[in-house]
Structure formats: structure tokens, C-alpha cells
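Residue numbers (the numbering used here): 147 to 494.
Since the structure comes first, as C-alpha cells, the remarks are kept for the end.
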């Protein structure tokens, strides 16, 4: 019997567990090691937060997201990391304002130290969760045993990167307790293209600094042409805001923009406006290539501590919630901020 069970040993779950004090805590995860997604993030260097942190960089309920970020922002996160002997540095080569760690392993090692007071149940895939109202306990069924807890934090992430153990268990738990799941889609992912853009394939491997306009949003950064379509930081962030339809690409947005000969040769026979090229993707590369899942547990059904309004003592944090950030450390910040918010409420 535990005071709190945390489903998911990723960024949000580990941060929540680190902040929980004087409690008997179980951390349950289907993987054999903690922080599998942390390990591969930012090319193994963990793009942990961003200097330009606010809700305008997220898809979801802006005021709800801002409330959570305000309680534990990027400055608080950096102080927390410094206190634990991690000193991320600003590296703006890929995305403006991004902080990277020396290595992702440092972050995982920090959480191992900070969660020594917790009992880990690794290689335990959660199969079902129920609530016994007679004794106010959650019963978490795994592939190996049943675990009981007074409170439950669901921090199991989205369905992107199934190779890292991602699953839909968090959404299934939410639905079981009557929660609405907003539409799920791959995000921070490359696009496949239609016949009109097959010239992209001839430029596979070429990268350009572009400016993309999608609805009211303007995204600046690098675009990479690939043999399947396009990718790169600017495209990944654009995918967050794309549903269907088209957006505009400016291939030469600055006075000093450089267009390589290879690009000029590819468009020579094409009648295109390089400052307003309209692209309507065929689709995207899917969940296996997507860095995150957009959509999730509807925030209208969570209070401002991320506790369910439908089931007392049930919390949802991190990627399982309908709050998704752009590329550049925004999703880690949301994971950490939401984890701290839930744990502070439980501690109080």
C-alpha cells in the first residue's frame, strides 16, 4: 500500500516524485530503465528549457498552461538544476533560446539520486486502473502484480516513439474515469509531400533558413529537404500547428539569405514564388518519428493543480495532458512545471 503511485518514469513523473516529501511512493514503468526518452532528447544532450518561456509557444489552453508555467518557470528550473550540480548552457544553433545539458545521462543520474525514497516497479506495464470507493484506494494492475495507492499521478506520456516504450495507457486511464481526450496527432514531426513537391526529394540533405507562416503563427528556423519530404527545426514546430491544408514558406526571408546553386537549379524550371511558396503536405512521418503527441486529457476537466475534477486524488501531468510545446525545450519545461505543480498540491 502506497500513499502515491506515479505511472511513468519519464521527465514529469520523475520530477513529481522528486518533489513529494514524507510519503510512501511507488514509481511504475513498463521500461527496464528510467528516463528512456530523456536519454535520447536533444541528441543525447537534453534540450531542457528555453529562455523565452511562455504559453505562446504551446498548443492548448493558453491561460491554463501559463498558470502552471508561472508556478515553476525556466528560472526556477535552472535554479533547481544548479542546486543539483547540473549547469545547462544556452545553445541557439538549432532553436533560439534553448538550454542544453552536458549530457542527458546527467539528468537521469540526478533523478536517480532524488528518487531514492521511492520504490521502483520497472518492467511493469500497467494494464488497468480501478478505484475502490469503499476504502478510497486506486488499484493499479500491471503485467506482474497489483499495486494499491491512495493517490495516483498519471505521467505516462504520449504514443510517440513506441520503440522507447510509449503507450496509450495514460489516455486509457483518463477515459476510464470519464475524461475527454482531445484529438491525438503526431507533432514535432516531418512532412510527406504531394506530387507538386517531388522536387524536394532532389534536394535531399539540403538545409535552408526559412520563415514559415501558418495561420497567425510565424516560425523561423532551419528547414531540411528529405527523400520523403521535409523536416528540420522550423518544419517540426510548424507540424505542431498544422491540421490540414497549407502554409507559406519564405525560402529567402532575410537580406543576407543565401540560396545554394543546388536549390536554384532545382527551381529553375518551376514557376514558384520563393518568398511565398504554398505547401499543402500529404501527411506527416507518423508517431514513430514524432517527438511528441499533441492532444490529450482535456484541461477543462483538470483543476489548476492538475487534479481531475471527475475523480479526487487522480492527477495527470506531462505529455498525457492536452498541452504541447514547440521544439526547443518547451515540452521538458511543461513536464517539469506540471510535475512540480501536482506534487506541491499533494504536499500541502
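Every residue, glycine too, gets a C-beta built ideally from N, C-alpha and C.
It should be emphasised that the depicted structure is a prediction, and the values quoted were computed from it without experimental measurement.
TODO: Compute the Euclidean distance between the alpha carbons of residue 461 and residue 289, then round it to the nearest angstrom.
DONE: A straight line joining the alpha-carbon of residue 461 with that of residue 289 spans about 22 Å.
- [ ] List the DSSP bridge partners of residue 294.
- [x] 285
Open item on the list: Judging by CA-CA distance, which residue of 252, 266, 244 and 166 is the nearest neighbour of residue 173?
Closed with: 266
- [ ] Report, in whole angstroms, the separation of the C-beta atoms of residue 152 and residue 162, which I expect to be a contact under 8 Å.
- [x] Sure, about 6 Å apart at Cβ, within 8 Å.
Task: Secondary structure of residue 432, DSSP reduced to three states - done: coil
TODO: Classify residue 337 as helix, strand or coil using the three-state DSSP reduction.
DONE: Here DSSP, grouped into helix, strand and coil, assigns residue 337 to strand.
Task: residue 196: first and last residue of the uninterrupted beta strand (DSSP E) it sits in - done: For residue 196, the enclosing beta strand (DSSP E) stretches over residues 193 to 196.
- [ ] Please name the residue in 216, 481, 374 and 369 whose C-alpha comes closest to that of residue 467.
- [x] 481
Open item on the list: What would DSSP say about residue 167, mapped onto helix, strand or coil?
Closed with: Coil at residue 167, not helix or strand.
Open item on the list: Just verifying my parser: in three-state terms, what is the DSSP assignment at residue 151?
Closed with: strand
Open item on the list: Starting from residue 469, trace the beta strand (DSSP E) in both directions and tell me its first and last residue.
Closed with: 469 to 471
TODO: Report the residue from 194, 251 and 201 whose alpha carbon sits nearest the alpha carbon of residue 235.
DONE: 194
Task: C-beta atoms of residue 356 and residue 395 nearer than 8 Å - done: yes
Task: Inter-residue Cα distance where the pair is residue 293 and residue 427 - done: 45 Å
Task: residue 282 to residue 491 span [Cα, whole Å] - done: The alpha-carbon atoms of residue 282 and residue 491 are separated by roughly 18 Å.
Task: Where residue 274 falls: helix, strand or coil (DSSP) - done: Of the three classes helix, strand and coil, the one that applies to residue 274 here is strand, per DSSP.
- [ ] List the whole-angstrom C-beta distance separating residue 326 from residue 252, where the pair is believed to meet the contact cut-off of C-beta under 8 Å.
- [x] In fact, because the Cβ distance is near 38 Å, the residues do not count as touching under 8 Å.
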